[in-house]
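Chains as they are written, first to last, in this note's numbering: chain D, 2 to 504; chain W, 5 to 260. Notes for the one structure printed next.
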């Protein structure tokens, strides 16, 4: 295997590493970094425009594809039903899947948390006597920081998905969990490849893709272990389903001797037929395709009479906080997520703060919902504020997860957990004033005259809020005063048309 | 307690608290004094299967063979796959040979298949069969990278398929009936040979075809191939041939 350019060890932006992996950012730290990174990113208008341009095509292709559904909204109900059914019978589904998958000759492993999953995978790799490892895109492995763990043990790991490969060379986590390097310009990729692969500079996305293709070919053939994720676990047949566009996951599960799939426990569906609904909807919502280029089902290692394929196949079922989401009936439906990324693509906050600002494995609205559960509500609650509650995410979700209401619930839960005393005093004071009309009028009069002062005074509590907003010009007269001296309404003057409506 | 039991115990414990039913928003369940969902649907006894609910709403797969053929051709075109209808196996042969000459193929890989074998005979280049007796019975020690290298060096892979799906323009291949896992994805060109009877309307029909063909013991890999390999990772610009085939040909032999 050619010497692989070792990516820098610490990713730039995944703030918190899970408990077993090292430094846990303090609650305050994660929020502070979010605010800092958001402020930085928002100023980068060029990059925001670049991001918007990259996503502009998404709406057109997706809507064109949605139009081919005889009824997209009803199809969403059905997709919701398929995932709801599996999530609400998850124990049953997992047992069925595990039994049937093992009947096909594969081995199922169970991992309570990230550390356990890393240990299991390392043991498989050691037992196989492997040297070279190839990976296809797998968000669960980002979640458990698998690459760092493998490299620490001296194994070479190469990400084969083009976007993930670019991110690996850059030493960054994915920017978007479906489009990992959507924030990188082609010029930067050209430089990156020049530096690490010694290729000639080019501005053509096609040539850049071919450089990666050529580089990766040998690695597929020489790798001993292939690691993939999984999009669905089919309980009925004991198969895992992998969705991808590039063909790298298929090669990863075809050429190495050992195939390991790391999959979250929530990925279950009951029947193979459920995929006839979910696969097209995943593709349409995620990228606007009729179906993703390769949707592949694996029931185990190479079977008798087959001419290639791995000798061993392992599925590692990862809990890592998912059971905690399940235990919250209000947010249980967030486990129905099929990680299409549609909620990121349409989110005004994502488009303005960028994927790294979240500091999480799963960015965007769905990430803001599940991360507090996966990593502790206290630390990650600020993410629920990273929403305008416009509901674009909920609207885009193919399995009808009530994303923006969940963010609202997280805000409520956070306030219940740590009441904001200042806010409470403020509300009480307002109630006291609002209940006394004269005091209210007097207060209004003072505020109308002193509104301009607010900006000047830079009061500590309001400073951040006012800094990025223009205060309205105070009207000369109060609403009540204007109401009292309004022109008499048409009805009062008794003029109506033939139908009796006021004119 | 081992990890399996611990996880299952956690899951069971979590599910003792009833949650909202399908299509019921969590927002409707909580807040504004609304009572928690009182009567969850009986689990395991869903009134409607997801697929049955969805069937009328998903993209159309065509009601007649003509409609399905037209839809398939249209979808393959949109996916930038090349679709050819030929009247006979001889015409298919001529077509394949001309593609081979045009692209100056040195070696093509194939597997034993009633459609592939006759088409290949006399092809003006070397051939590499992936599923010879040695390959199928190979023990791990002879399963070296040599064989992978041989396939990697081929200019094209020629395979049959299990079904063609009109609804999505997909080709269903399996490890048992299409020469294993890598033949249809490792070479830079993939040529599929099929007959009109293999065209089904929807993905669900393709699953039915699989059950009919393989019973309950499916091949270890089943793959729906929808167009040539592609990526949009660089600035969301579409590029074909990321890691799998850059070109995908579907040759439909109308009359055997």
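Glycine residues also receive a C-beta, built at the ideal position from the N, C-alpha and C atoms.
Rounded to the nearest angstrom, the Cβ distance from residue 412/D to residue 385/D is 5 Å, consistent with a contact under 8 Å.
Look at residue 227/W here: in three-state DSSP terms it is strand. Here the C-alpha atom of residue 137/D lies approximately 22 Å from the C-alpha atom of residue 270/D.
Per DSSP, the continuous beta strand (DSSP E) segment holding residue 160/D begins and ends at 157-160. Taking a beta-carbon distance threshold of 9 Å, residue 77/W does not count as an interface residue toward chain D. Closest in C-alpha terms to residue 254/W, from the list 185/W, 28/W, 56/W and 81/W, comes 81/W. Taking 7 Å as the cut-off between beta carbons, the residues of the segment 110-121 of chain D near chain W are 111, 112, 113 and 117, in sequence order. Counting every other CB atom within 10 Å of its CB across the protein chains shown gives residue 483/D a total below 16, marking it as exposed. The Cβ-Cβ distance between residue 182/W and residue 132/W does not fall below 9 Å.
Judged by DSSP secondary structure, residue 51/D falls within the alpha helix (DSSP H) whose first and last residues are 46-67.
Residue environment: residue 229/D is assigned as buried (16 or more neighbouring CB atoms within 10 Å of its CB, all protein chains considered). In the three-state DSSP reduction, residue 235/W falls in the strand class (E or B). At least 9 Å separates the beta-carbon of residue 176/W from that of residue 205/W. Per DSSP, the unbroken beta strand (DSSP E) holding residue 256/W starts and ends at 251-257.
Taking the C-beta atoms as reference points, residue 178/W is found nearer than 9 Å to residue 226/W. Apart from the 5 residues on each side of it in sequence, residue 455/D sits with its Cβ closer than 7 Å to the Cβ of 463, 467 and 472 in its chain, given in chain order. For the pair residue 135/D and residue 156/D, the CB atoms are not nearer than the 9 Å cut-off.
Residue 113/W and residue 134/W do touch by the CB rule: their CB atoms are close to 6 Å apart, below 8 Å.
Under the DSSP definition of a beta bridge, residue 296/D partners with 244/D and 228/W. Taking the CA atoms as reference points, residue 71/W sits about 9 Å from residue 170/W. Residue state for residue 15/W is assigned as helix, using DSSP reduced to three classes. Following the DSSP letters along the chain, one finds residue 211/D inside the alpha helix (DSSP H) bounded by residues 206-223.
Neighbours of residue 183/D in chain W, taken as residues at a C-beta separation under 7 Å, are given in chain order as 240. Within the segment 256-278 of chain D, the residues whose Cβ lies closer than 9 Å to any Cβ of chain W are, in chain order, 256, 258, 266, 270, 271, 272, 273, 274, 275, 276, 277 and 278.
Scanning chain D for C-beta atoms nearer than 7 Å to the C-beta of residue 235/W yields 163, 210, 246 and 247, reported in chain order.
Each residue's CA atom was taken as its position, placing residue 346/D and residue 227/D some 30 Å apart. For residue 94/D, the secondary structure class from DSSP, reduced to helix, strand or coil, is helix. Selection 274/D, 284/D and 418/D evaluated against residue 59/W yields 274/D as nearest (Cα-Cα). In this structure, residue 129/W sits away from residue 152/W, with a CB-CB distance that is not shorter than 9 Å. Taken atom to atom, the span from the alpha-carbon of residue 304/D to that of residue 240/D is near 14 Å.
Closest option to residue 28/W, judged by alpha-carbon separation, among 488/D, 85/D, 101/D and 158/D: 85/D. Counting C-beta pairs with one atom in each stretch, the segment 90-100 of chain D and the segment 186-193 of chain D have fewer than three that are closer than 8 Å, which means they do not touch.
Leaving aside the five residues that flank residue 66/W on each side, the residues in its chain whose CB is nearer than 6 Å to its CB run, in chain order, 72, 75, 170 and 205. From the beta-carbon of residue 156/W, the residues of chain D found nearer than 7 Å are 218 and 222. Contact between residue 199/W and residue 162/W does not hold, since the beta-carbon distance rounds to 15 Å and is not under 8 Å. By the rule that beta-carbons nearer than 9 Å mark a contact, residue 67/W does not touch chain D.
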